[in-house]
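Novice: In terms of the working numbering, the sequence shown opens at residue 261 and continues consecutively. We treat Cβ as the ideally placed atom computed from N, Cα and C, and that holds for glycine. Small disclaimer: the values here were computed from a predicted structure and weren't measured. Please find one structure pasted underneath; my questions will follow.
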Amino acid sequence: MNYRHIFHAGNPADVMKHAVLALILDHLRAKPAPFCVLDTHAGIGRYDLTSEQARKTAESDDGIGRLWGRPAPHPGLTPYLDAVQALNPDGSLRWYPGSPRIARAALRPQDRMVLVELHPDDAHSLKAEFTGDRAVSVHQSDAYTALKAHLPPKEKRGLVLIDPPFEQPDEFARMAEGLALAHRRWSTGIFALWYPIKERAAVWRFQDAVEKTGIPKVLIAELTWHPEDTHLRLNGSGLLIVNPPWKLDETLRSMLPALHDTLPSTGGGASVSWLTPEA
């Protein structure tokens with residue numbers, strides 16, 4: 261539990277992940293029925309990009325910093341950029357919304373959100389961030405235990421975001437096992453699993469493990485900004501999405517290349533493909 265996201269908030273991986281998250285939430289809002297969001301690795305909710313920790317790495321400069329104050333390079337990025345703007349109404353970029361704030365911006369009165377965070381200090385900060393918000397509940401718990409405790413939700417519609425810090429060497433295997441369990445409990449839910457792209461073989465093993473579960477309708481979306489010639493750096497990031505919204509794949513096939521062209525890179529690119537089609 262040593263990982264602290266403040267050092268990486270708003271970097272290219274965050275931009276890609278949160279832009280897709282905002283699109284999924286926008287789809288859920290299109291129908292009047294209530295939905296629930298379960299975020300299993302919630303962090304602290306918002307991040308101060310002017311803090312000493314954030315400026316130590318300055319990773320946001322090559323992420324949200326390349327989008328802030330400019331026209332959106334693709335209309336699919338608008339829901340995400342609107343959520344960032346909502347935290348920075350004075351026009352200067354200070355606060356970066358983590359996934360809880362991205363999701364909270366999308367909730368309507370009939371919707372709710374369950375946030376799970378294991379790190380005690382971060383869980384305390386998260387509770388303070390949403391004090392008095394009746395639409396949000398915060399739990400200090402292990403992510404994979406939370407999948408058992410909170411699924412299926414009473415709303416029948418919604419999203420589960422699984423976004424680990426990848427501190428554990430077996431995190432890919434834990435994700436695949438957690439998804440299999442969660443899907444058995446709630447087969448109609450949308451699941452979005454984020455992963456880093458460092459060593460391609462590890463990604464292939466993870467995708468193969470998910471494919472072997474037999475879960476249908478699994479979409480893979482990836483954005484890389486470096487050639488994959490070394491596993492000593494973060495070359496890109498991916499999302500494995502179960503039950504993606506209708507036509508999300510089409511939107512991502514044009515949005516992710518536009519995002520790649522906007523962010524600094526030494527290579528890489530965008531890809532969208534089906535791991536398993538609809539049964």
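Spell out the partners DSSP gives F451 in its beta bridges.
Specialist: In the DSSP output, where bridge partners are listed per residue, F451 has V420, V502.
Novice: Using the rule of at least 16 other Cβ atoms within 10 Å of the residue's Cβ for burial, across every protein chain shown, is T448 buried or exposed?
Specialist: By the neighbour-count rule (16 or more Cβ atoms within 10 Å), T448 is not buried but exposed.
Novice: If we count the other Cβ atoms within 10 Å of its Cβ and call it buried at 16 or more, is S311 buried or exposed?
Specialist: So S311 ends up on the exposed side.
Novice: Could you give the C-beta distance for P425 and H278, rounded to a whole number, given that I count them as a contact under 8 Å?
Specialist: The pair is not a contact, with the Cβ atoms about 16 Å apart (cut-off 8 Å).
Novice: Would you mind reading off the limits of the alpha helix (DSSP H) that contains H384?
Specialist: First-last of the alpha helix (DSSP H) with H384: 380-389.
Novice: Of the choices H287, A269, H265, C296, whose alpha-carbon is the least far from that of L419?
Specialist: It is C296 whose Cα lies nearest to the Cα of L419.
Novice: Cβ of D299 within 8 Å of Cβ of L421?
Specialist: Contact flag set, yes.
Novice: Quick one: what's M373 bridged to in DSSP?
Specialist: Answer is V297, V396.
Novice: What do you reckon, is the C-beta of V502 under 7 Å from a heavy atom of the ligand SAM?
Specialist: You won't find the ligand SAM in this model; it holds no ligand whatsoever.
Novice: Using alpha carbons as the reference points, say which of E459, W485, A436 lies closest to D452.
Specialist: Reading off the sequence, residue 452 comes out as Ala, not Asp. The residue with the shortest Cα to Cα distance from A452 is A436.
Novice: Alpha carbon to alpha carbon, what distance is there between H486 and A365?
Specialist: The alpha-carbon atoms of A365 and H486 are separated by roughly 32 Å.
Novice: What are the boundary residues of the alpha helix (DSSP H) that T522 is part of?
Specialist: Unbroken alpha helix (DSSP H) run through T522: 508-522.
Novice: Looking at the structure shown, is L536 part of a helix, part of a strand, or coil, going by DSSP?
Specialist: Rather than Leu, the amino acid found at residue 536 in this sequence is Thr. It is a strand residue.
Novice: So, helix, strand or coil for D308, using DSSP?
Specialist: In the structure shown, D308 sits in a strand (DSSP, three-state: E or B).
Novice: Report all residues from its chain with a CB closer than 8 Å to the CB of A343; omit the five preceding and five following residues, and keep chain order.
Specialist: Answer for A343: H278, A282, P357, R361, I362, A365, A366, listed in chain order.
Novice: Taking the alpha carbon of A469 as the reference point, which residue from W446, E488, K291, A440 has its own alpha carbon closest?
Specialist: Per the Cα distances, A440.
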